[in-house]
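Visitor: Going by UniProt numbering, the first residue of the sequence shown is number 1, and it counts up by one from there. Just dropping this structure here.
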Amino acid sequence: MEILIIYIYNFLTTRKWFIFVFFCLTNTLMFKKYTNEELTEDPFKIIELGASKTTFYKVPNEKVKTNYMQLHVPFIIDKLFHLQNDIEYMSGSIKFVIRPFKDVFMVKEGKKTFIGRFVRSFIDNESYWQVFEKGDKCGFNKNVRWSARVQFTGSIDNLRVVRLIEGNLCNYEIKVVGDILTRKITNKDTIIYKGDKKDEEDESTEEEEDENDDMMQSFKTFKMKLLGGASSR
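As structure tokens, this is what we get:
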């Protein structure tokens with residue numbers, strides 16, 4: 001159910017539904033409108049919107065660069081849900097163990113302290129968080145129980161804990177990063193799109209044409225926003 005909810009959230013927060021779908025289909029960061037290039041390749045995607053049809057071509061680039069982008073939240077959830085190993089972190093003599101969708105605990109001198117079990121998750125600033133509550137009673141205040149919030153985000157390194165602080169009494173803020181939450185992208189191709197007119201397009205309004213241009217611009221803006229968000233982490 002949680003995975004379904006996150007999928008719906010990601011679907012609805014994109015400005016146009018096809019932008020998200022098409023972005024997932026392409027493996028490129030280069031995207032431009034057709035000018036006068038001679039297109040000899042077969043189109044790899046055709047999108048029809050009302051009375052207009054847009055054809056997409058892949059044209060190889062002479063120079064290839066590699067970029068890294070954080071996965072969309074639904075795919076981060078899928079990776080964490082199928083994680084084979086626990087996420088462990090040592091702080092002095094204390095070992096912390098994080099098990100996404102299950103629980104968080106720490107072990108000191110052979111004694112295990114239960115920090116919390118998974119209760120919910122949320123999205124904040126393009127990061128996926130999990131909340132763990134109802135842990136053991138805090139030794140400093142018996143009216144307080146241990147708890148934790150864990151942030152998951154992309155990185156080019158192996159999956160690991162990069163920050164663990166006790167923000168409040170018996171409450172941990174933990175940040176986990178990893179390459180399994182990241183997508184490697186090479187701009188080996190440039191995507192060129194060309195708008196074709198149908199016979200009935202004469203009946204289409206100028207407003208519809210402007211909307212199609214806005215949708216293409218939204219795609220480019222959405223794509224660069226995600227790249228920028230990933231590269232900053």
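Note that the Cβ used here is the ideal one computed from N, Cα and C, for glycine as well.
(1) Would you kindly report the start and end of the unbroken alpha helix (DSSP H) that includes P74?
(2) Could you tell me the boundaries of the beta strand (DSSP E) in which G178 lies?
(3) What are the start and end residues of the beta strand (DSSP E) that includes Q84?
(4) Going straight from the alpha carbon of I98 to that of V104, what length do you get?
(5) With distances taken from CA atoms, which of N171, I165 and R160 is nearest D179?
(6) Determine the DSSP secondary structure at L159, reduced to helix, strand or coil.
(7) Please state the DSSP three-state secondary structure of L25.
(8) Count the other CB atoms within 10 Å of the CB of N171; is the residue buried (16 or more) or exposed (fewer)?
(9) Counting C-beta neighbours from all protein chains within 10 Å, is the total for L181 16 or more, i.e. buried, or is it exposed?
(10) Span of the beta strand (DSSP E) holding A51?
(11) Can you tell me which of M106, H82 and I76 puts its alpha carbon nearest to the alpha carbon of M90?
(12) Taking Cβ to Cβ, would you say P43 is nearer than 8 Å to K188?
(13) Under the assumption that V119 contacts F132 (Cβ atoms under 8 Å), give the Cβ distance between them as a whole number of angstroms.
(14) May I have the straight-line CA-CA distance separating L25 from F56, to the nearest angstrom?
(15) Since I believe K134 is in contact with R117 (beta carbons under 8 Å), could you give me their beta-carbon distance rounded to a whole number of angstroms?
(16) Does at least one heavy atom of the ligand PLP sit under 7 Å from the Cβ of L71?
(17) Given L164, which residues of its chain have a CB within under 7 Å of its CB, disregarding the five upstream and five downstream residues?
(18) On a Cα-Cα basis, can you pick out the residue from K79, L169 and F122 that is closest to Q151?
(19) In angstroms with no decimal places, state the Cα-to-Cα distance between R149 and P74.
(20) Looking at the unbroken beta strand (DSSP E) that takes in R149, where does it start and where does it end?
Guide: In short:
(1) For P74, the uninterrupted alpha helix (DSSP H) segment begins and ends at V73 to F81.
(2) For G178, the enclosing beta strand (DSSP E) covers residues N171 to G178.
(3) Element bounds for Q84: n/a, residue is neither H nor E.
(4) 5 Å
(5) R160
(6) DSSP, reduced to helix, strand and coil, places L159 outside both helices and strands of the structure shown, so it counts as coil.
(7) Confidence at L25 is low in this model, with a pLDDT of 44, below 50, so the placement of that residue is unreliable and no value is reported for it.
(8) buried
(9) buried
(10) Segment: none, A51 is in no beta strand (DSSP E) and carries neither H nor E.
(11) M106
(12) no
(13) 7 Å
(14) Its pLDDT being 44, under 50, L25 is placed unreliably by the model, and nothing is read from it.
(15) 6 Å
(16) Summarising the ligand content, the structure contains no ligands, and the ligand PLP is consequently not present.
(17) Y89, S91, F96, Y172 and I174
(18) Of the residues K79, L169 and F122, the one whose Cα lies closest to the Cα of Q151 is F122.
(19) 19 Å
(20) S147 to G154
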